[in-house]
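As structure tokens, the structure follows; a few thoughts come after it.
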Amino acid sequence: MSVDYLISALTAGLPAQVDTPLGFVRRRLTDKIPPRIPTTPSTASGTPAPPHRILMECTDCGRPGQPEALPDGLCRPCRTTHHPDTDETTAPPAEAAQIKARMTNLRGLLKTV
């Protein structure tokens, strides 16, 4: 910490009148001066710190779990209740054939001659 830094930290934003200089300086020192940053890492053994494990919660029921187990933020039971059956949304085979033929026709129109 340099003298210039200390002076600028203590004199920045001074009030117009100071009633108790000792209390004022004590308060400025505790409020304005940031703590010293350690120059060496805190792990003396040289081993890295264990990875931070993240647990998420299901957005519906609040059940905790790993992020991989909660796709779209929902656990398995909540995910099955929120997604409707896929049988109702699939097209009938005859309609699917018509869609496929229409797409083939459109792709053929897009090809350059």
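Mapping the sequence shown onto this note's numbering, position 65 (from 1) lands on 619, and the numbers just tick up by one. For glycine and all other residues, C-beta sits at the position ideal for the given N, C-alpha and C. For clarity, every value in this text was computed on a predicted model and none was experimentally measured.
Residue i versus residue j: straight-line alpha-carbon distance, rounded
{"i": "ARG630", "j": "ALA623", "result": "8 Å"}
{"i": "GLY577", "j": "LEU583", "result": "10 Å"}
{"i": "ASP614", "j": "PRO605", "result": "28 Å"}
{"i": "THR635", "j": "ALA650", "result": "27 Å"}
{"i": "LEU568", "j": "ASP558", "result": "16 Å"}
{"i": "ASP573", "j": "LEU560", "result": "22 Å"}
{"i": "ILE653", "j": "LEU664", "result": "17 Å"}
{"i": "CYS589", "j": "ARG607", "result": "The question names Cys, but residue 589 is Pro in the sequence shown. Rounded to the nearest angstrom, the two C-alpha atoms are 28 Å apart."}
{"i": "MET657", "j": "GLY616", "result": "44 Å"}
{"i": "PRO646", "j": "ASN659", "result": "20 Å"}
Under the three-state DSSP convention, the category residue i falls into
{"i": "GLY627", "result": "helix"}
{"i": "GLY616", "result": "coil"}
Same chain, Cβ closer than 8 Å to residue i, neighbours up to 5 away in sequence not counted
{"i": "ARG633", "result": "PRO625 and ASP626"}
{"i": "VAL579", "result": "LEU564"}
{"i": "ALA655", "result": "none"}
Among the options, nearest to residue i - alpha-carbon criterion
{"i": "CYS612", "options": "LEU628, GLN620 and THR593", "result": "LEU628"}
{"i": "ALA563", "options": "ARG581, ALA570, THR574 and VAL572", "result": "ARG581"}
{"i": "ILE587", "options": "LYS665, GLN652, THR565 and GLY662", "result": "THR565"}
Cutoff 6 Å; reference residue i; Cβ partners in own chain excluding five residues on either side
{"i": "PRO618", "result": "LEU609 and GLU611"}
{"i": "ASP641", "result": "The predicted model places ASP641 with a pLDDT of 48, which falls under 50 and marks its position as unreliable; any figure quoted below should be read in that light. Counting only Cβ-Cβ distances below 6 Å, and skipping sequence neighbours, we find nothing."}
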